[in-house]
Structure formats: C-alpha cells, structure tokens
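Below is one structure, written out as structure tokens; the observations come after it.
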Amino acid sequence: MTIEQDPFWKRKSLADMTAEEWESLCDGCGLCCLIKLEDDDTGERFHTRIVCRLLDLGKCRCTDYRERHTRVPDCLTLTAESIGQIDWLPQSCAYRLINEKKDLYWWHPLISGDPNTVHDAGVSVRDWAISETRVRPDSFQRYIIQEPMRGG
127 MTIEQDPFWK RKSLADMTAE EWESLCDGCG LCCLIKLEDD DTGERFHTRI
177 VCRLLDLGKC RCTDYRERHT RVPDCLTLTA ESIGQIDWLP QSCAYRLINE
227 KKDLYWWHPL ISGDPNTVHD AGVSVRDWAI SETRVRPDSF QRYIIQEPMR
277 GG
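Below you can see the structure in the form of structure tokens.
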C-alpha cells in the first residue's frame with residue numbers, strides 16, 4: 127500500500143481527522159464508560175465493572191450520545207489535545223493507539239469490517255459489566271476490578 131492508499135488513521139493525525147473519521151475510531155468496547163472510583167486520601171483510581179447508565183450493554187453504545195453531557199455532566203469528552211493526558215484510557219483504545227503511533231488491533235471494526243468483532247474477541251464490556259442503574263451507590267466498592275486494559 128502506498129502512503130496515498132493508507133487508511134486515514136495512518137495518514138492523519140487525530141487533530142486532522144474529520145468528525146466522521148474521529149467517531150469511526152470508537153470501537154464500541156465500552157471500556158471508557160466504566161465507572162472509576164478514586165481514593166480521597168491517595169488519589170488512587172479504581173475501575174469497577176459498573177458502566178454509565180446511558181450505555182446500552184447489548185450494543186456497547188451510548189443511548190443518548192448527543193445529550194450525554196447534559197445527562198451525565200462528568201462524561202468524558204475526548205479531543206486530540208486531551209488523549210495524551212488521560213492515562214486511564216484502555217491500552218486498546220484506538221484514540222490512544224493512534225496518538226502513540228501504534229496499529230489498531232485486528233478486532234477493531236475499521237480493520238475487521240465488522241462492528242461485532244470487538245465483542246467476539248472478548249474485548250468489550252458487553253458480557254461482564256453491569257449498569258449503574260442496578261447498583262446502589264453505597265455498594266460501588268464491591269464492584270472494583272483489575273484494570274480492564276485488554277489488548278489484541
């Protein structure tokens with residue numbers, strides 16, 4: 127493949143991508159929608175298997191993407207400038223990989239051509255996460271897990 131034939135994510139920086147290209151980088155794993163807890167004393171961050179109430183666990187997509195910041199004020203907004211600052215993004219996250227000049231994994235929909243490969247590969251939260259609507263806030267600590275930084 128010549129440089130002109132390379133896919134957009136190999137030719138462009140994150141800052142140079144169109145909105146459509148940017149959105150297509152999301153593999154639909156749902157890992158960034160996991161609720162994280164922070165120890166007030168140490169600042170240590172813990173991942174839980176609890177996901178945002180707006181995440182459709184079957185599709186691993188936000189049910190109200192356009193209005194998510196209104197409904198969930200602390201919802202993450204990824205920008206080309208912020209990617210390098212967010213150290214808890216999964217190591218398999220396409221935004222992180224591209225920012226670090228790494229290749230996408232085989233299961234990424236842009237590589238596989240199939241939006242279900244992320245689930246088939248066991249990379250998404252679909253089969254093990256639980257919605258925050260089903261968990262009392264005072265019991266979130268019971269759902270702490272090891273960092274879900276799965277890769278290829």
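Residues in the sequence shown are numbered consecutively from 127, following our numbering.
Ideal Cβ placement from N, Cα and C applies to all residues, glycine included.
When Cβ pairs closer than 8 Å are counted between the two stretches, the region 157 to 169 is seen to touch the region 258 to 267, the count reaching three or more.
Per the Cβ contact rule, the region 132 to 145 is in contact with the region 203 to 214 (3 or more Cβ pairs under 8 Å). Residue range 243 to 246 is occupied by the alpha helix (DSSP H) that includes Thr243, with no beta strand (DSSP E) assigned at that position. In the three-state scheme derived from DSSP, where H, G and I count as helix and E and B as strand, Thr259 is classed as helix. Non-local C-beta neighbours of Leu202 in its own chain, meaning closer than 8 Å and more than five positions away in sequence, comprise Cys158, Ile212, ordered along the chain. Between Val251 and Val177, the C-beta gap is smaller than 7 Å, which places the two residues in contact. The criterion of a C-beta distance shorter than 7 Å is not satisfied by Asp153 and Pro216. Under DSSP, Cys188 shares a beta bridge with Leu181.
The three-state reading of DSSP puts Thr144 in coil, since its state is none of H, G, I, E or B.
The C-beta of Gly184 has fewer than 16 other C-beta atoms within 10 Å across all chains shown, which makes the residue exposed. Using a 10 angstroms sphere on the CB of Ala220, the tally of other CB atoms reaches 16 or more, which defines it as buried. In the same chain as Glu170, and ignoring 5 residues on each side of it, the C-beta atoms closer than 8 Å to its own belong to Glu164, in chain order.
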